[in-house]
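Just below is one structure, and these are the notes that go with it.
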Amino acid sequence: NGFLRDTFNINLGKKMFGKVHDGFGGKLDITISAGSRFDEKIAREYYALGFTIIQGYGLTETCGAVASTRFEGSSVGSVGKAVNYAEIKLGEPNEDGAGEVLIKGKMVFSGYYKNPEAGKDAFTADGWFKSGDLGKLDTNGDLFIVGRSKDVIVLPNGKNIHPEDLEVHYSKSPLIEEICILGVKDEKAATAGAEKLVAVAVPDFAYLKQNNIANSKEAVRYDLDNLGRSLPEYQRVRQYVIHTEPLPRTATRKIKRFELQKRIESEGLGDQDISHRKPLEFSGADNALLESNAGRAVISAIKKNVKDAETIHPTMNLEIDLGLDSLSRAEVFAALEQAFATEFDGDEAAQALTVGDTIKLVQNRVGETETAGDISMDLNWGKIVREATADFPEVQGVLQNRPIFRGFAFAVYKVFNLFCRGFMSLEVSNIEELKKMKRPFLICPNHQSFLDPFVLTSNYPFDIYRNIFHVGASQFFRSSFMQWVAKMLSVVPIDPDTQLMKAMKAGAVGLKNGKVLNIYPEGERAFDGNIHEFKKGAAILATELDLPILPVALDGLHKVWARGSGRIRPAKVKIRFGKAFYAKDFLRAEMSDEEKYDAVIKHLKLTIETMINEMRN
Numbered sequence: 339n340g341f342l343r344d345t346f347n348i349n350l351g352k353k354m355f356g357k358v359h360d361g362f363g364g365k366l367d368i369t370i371s372a373g374s375r376f377d378e379k380i381a382r383e384y385y386a387l388g389f390t391i392i393q394g395y396g397l398t399e400t401c402g403a404v405a406s407t408r409f410e411g412s413s414v415g416s417v418g419k420a421v422n423y424a425e426i427k428l429g430e431p432n433e434d435g436a437g438e439v440l441i442k443g444k445m446v447f448s449g450y451y452k453n454p455e456a457g458k459d460a461f462t463a464d465g466w467f468k469s470g471d472l473g474k475l476d477t478n479g480d481l482f483i484v485g486r487s488k489d490v491i492v493l494p495n496g497k498n499i500h501p502e503d504l505e506v507h508y509s510k511s512p513l514i515e516e517i518c519i520l521g522v523k524d525e526k527a528a529t530a531g532a533e534k535l536v537a538v539a540v541p542d543f544a545y546l547k548q549n550n551i552a553n554s555k556e557a558v559r560y561d562l563d564n565l566g567r568s569l570p571e572y573q574r575v576r577q578y579v580i581h582t583e584p585l586p587r588t589a590t591r592k593i594k595r596f597e598l599q600k601r602i603e604s605e606g607l608g609d610q611d612i613s614h615r616k617p618l619e620f621s622g623a624d625n626a627l628l629e630s631n632a633g634r635a636v637i638s639a640i641k642k643n644v645k646d647a648e649t650i651h652p653t654m655n656l657e658i659d660l661g662l663d664s665l666s667r668a669e670v671f672a673a674l675e676q677a678f679a680t681e682f683d684g685d686e687a688a689q690a691l692t693v694g695d696t697i698k699l700v701q702n703r704v705g706e707t708e709t710a711g712d713i714s715m716d717l718n719w720g721k722i723v724r725e726a727t728a729d730f731p732e733v734q735g736v737l738q739n740r741p742i743f744r745g746f747a748f749a750v751y752k753v754f755n756l757f758c759r760g761f762m763s764l765e766v767s768n769i770e771e772l773k774k775m776k777r778p779f780l781i782c783p784n785h786q787s788f789l790d791p792f793v794l795t796s797n798y799p800f801d802i803y804r805n806i807f808h809v810g811a812s813q814f815f816r817s818s819f820m821q822w823v824a825k826m827l828s829v830v831p832i833d834p835d836t837q838l839m840k841a842m843k844a845g846a847v848g849l850k851n852g853k854v855l856n857i858y859p860e861g862e863r864a865f866d867g868n869i870h871e872f873k874k875g876a877a878i879l880a881t882e883l884d885l886p887i888l889p890v891a892l893d894g895l896h897k898v899w900a901r902g903s904g905r906i907r908p909a910k911v912k913i914r915f916g917k918a919f920y921a922k923d924f925l926r927a928e929m930s931d932e933e934k935y936d937a938v939i940k941h942l943k944l945t946i947e948t949m950i951n952e953m954r955n
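Going by this note's numbering, the sequence shown opens with residue 339, and the numbers climb by one from there.
Below, the structure written as structure tokens:
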């Protein structure tokens, strides 16, 4: 319909999109927009649906509109041409053709009341009013507003960024309720005055709860990183400031950018990912909740994992306000499970985003009068994994042999392996390190793509394959198809982020039954191919059960199926198996448990990084 309107001036919108028009009452022909910039893409979509949008452009200083689109002949998405009593031109257009919109006419004001200096600065030497808006003129002579000149961000490479365009793009994330992109002075840039992109984001906490997303900060970063992949490199946001309260806005709902900018720069928030919230006030109900048995236990568990948690309020978000990462958050819940001798439902734990949510979760589970055990005790992972038993249904499928299904699935994997060697030019080295392993043991690869477990498993000999198992986030395996995938991969569907203790027990049970645990220490896919931080689950199991770890390096799969992409592309993929090692080979007796786990995970990470560098070189 857009083509018909552009080419033949024929509008069949009501016939083609009758239900859409009925949703607007069925008689809506004209929409008038003014007062704020209207997104050009949305204007084009409305036009294609058959609606006509008339846009006006003006400022308080011009006493009304100085430009307007017409019913016919105007470029869609523009604010049209100057009205009869006004003149418009662009001042010093940049390489993109955008320049400040300059206005002249009898309707332009003469100056600001009792502020002659500001009035003088508002005009050029030859009398044109400087609007502060950036615009472009197309071949039709129509004006497009692209942003505010004061909002333009200048990057170290000289590129100009219009933040409103990026905000529209990043707002596609359902995890985001509000977002503002700012240019913060980049002290590391060689160019004086250069800025870096920092996003100030407010998560949609209702959506997070509804979808059982526990690690809100990591989830927001993950989603924004995915959206950034479709942008040119210089337009991608790398740093985030997370707010738990709405962004400050004017009476006309425009974000107070300079207030946010000043706050970030004055508090030094541009140099780190950090949250920000207003001063807290405690009501009687708040104090009662915190002083309850469950409240005191939750506070103790949090303070064990947060160094500087002096003041804790029920409304504080566990991640954003208190700084708990996915592992420390999981350890808080594991400590509470140990103290109250209970087990939390994974979905319920995922919805506990704040301190108050967590306290109420404990109260609902054990009652308001139940007293906790010694919450100050460290989690005894050795005791937990050594005494783990197969008394929960999720692990039963892994312990079953199912020879017919295993044989069929193994044959499918071998056919898939042939495909990988052709489509991905798959190159596997040092597989003899895998073949000489004796069960049980852990296989620990880095993580680049959803394809990792399939490609890796397709190289296993039958004895390893029929005994392999994974522990994976349950939300990925709820549909019938994904439950079949879980069987193919022998996945125990338990989310370590919300049920850490149960996930660790599942891993321990499988290993104690002679199985092979395939575990990805990063816990997430690395979209850039670089290795991310390792979590210590594998180190705990290997140390406490005295089992070897076989390190595996994967490279190239992030190019085959990129994170956030629906397409699979051919790319060179390499897999290298390293030499297995025991934790006891390099640990010292005087080390604490945490020091032991850290030493094992650092050695594992360094080994995989070294193998990847060798493959790339």
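We put the CB at the ideal spot given by N, CA and C, even for glycine.
Just so you know, these numbers come straight off a predicted model, no measurement behind them.
How should residue i be labelled, buried or exposed, when 16 other C-beta atoms within 10 angstroms of its C-beta is the threshold for buried?
i    : result
G608 : At G608 the pLDDT is 45, less than 50, meaning the model places this residue with poor confidence; the figure from the coordinates comes in the next sentence. Buried: at least 16 other Cβ atoms inside 10 Å.
G934 : Residue 934 is actually Lys in this sequence, not Gly. Buried, since its Cβ has 16 or more Cβ neighbours within 10 Å.
Q610 : Here Q610 scores only 44 on pLDDT, less than 50, and its place in the model should not be relied on; the value that follows carries that caveat. The residue in question, Q610, is exposed, as its Cβ has fewer than 16 Cβ neighbours within 10 Å.
S621 : exposed
K419 : buried
P859 : buried
Q548 : exposed
G684 : buried
C312 : As shown, the chain starts at 339 and ends at 955. That puts residue 312 outside it, with no answer to give.
K840 : buried
L350 : exposed
C518 : buried
V414 : buried
Check whether the Cβ atoms of residue i and residue j lie closer than 8 Å to each other.
i    : j    : result
L343 : Y395 : Checking the sequence, you will find Arg at residue 343 rather than Leu. No, they are not a contact pair.
S487 : E438 : yes
V723 : E882 : yes
E399 : V358 : no
D790 : P783 : yes
G435 : K379 : no
I483 : L535 : no
P831 : E681 : no
V847 : A679 : no
V854 : R777 : yes
N805 : I913 : no
I640 : A647 : yes
P886 : F919 : yes
What residue from the options has the CA that sits closest to residue i's CA?
i    : options                : result
K917 : E771, M354, G402       : E771
G521 : Y578, E686, A403       : Y578
S828 : G735, K910, V898       : G735
F409 : T390, I802, N422       : T390
K442 : K427, K840, G705       : K427
V793 : F748, K773, L942, G373 : F748
P501 : E556, K468, R574       : R574
N868 : I946, H941, E629, N495 : I946
E871 : K943, W822, A880       : K943
D833 : I742, L925, R667       : R667
P570 : L504, A647, Q689, M762 : L504
S787 : R863, N625, T948, E932 : R863
R907 : M762, I939, K497       : M762
F924 : F915, V938, S930       : V938
S550 : D360, E686, N739, G364 : First, the residue type needs correcting, since residue 550 is Asn and not Ser in the sequence shown. Cα-wise, what sits closest to N550 is E686.
Ordered along the chain, which non-local residues of its own chain (more than five positions away) have a Cβ less than 7 Å from that of residue i?
i    : result
D563 : F865
L717 : E669, A672, A673, Q676
R637 : It should be noted that the sequence gives Ile, not Arg, for residue 637. Correct list, in chain order: L628, I650.
Y423 : G443, K444, M445
G661 : V644
Cutting at 6 Å between CB atoms, please list the residues of its own chain near residue i, excluding the five before and the five after it.
i    : result
Y450 : A456, G457
G633 : L627, I697
M354 : N339
K897 : A909
L665 : K873
G861 : K873
Note down, in chain order, each residue of its chain lying with its Cβ closer than 8 Å to the Cβ of residue i, except the 5 sequence neighbours on either side.
i    : result
I514 : Y508, A539, V540, P541, D542, V558, D561, L562
I612 : At I612 the pLDDT is 47, less than 50, meaning the model places this residue with poor confidence; the figure from the coordinates comes in the next sentence. Around I612: V579, I580.
G479 : K419
E603 : V522, K523
**Segment contact, 8 Å Cβ cut-off, at least three pairs: the segment 645–654 with the segment 685–694** = yes
**Three CB pairs or more closer than 8 Å across the segment 761–769 and the segment 868–886** = no
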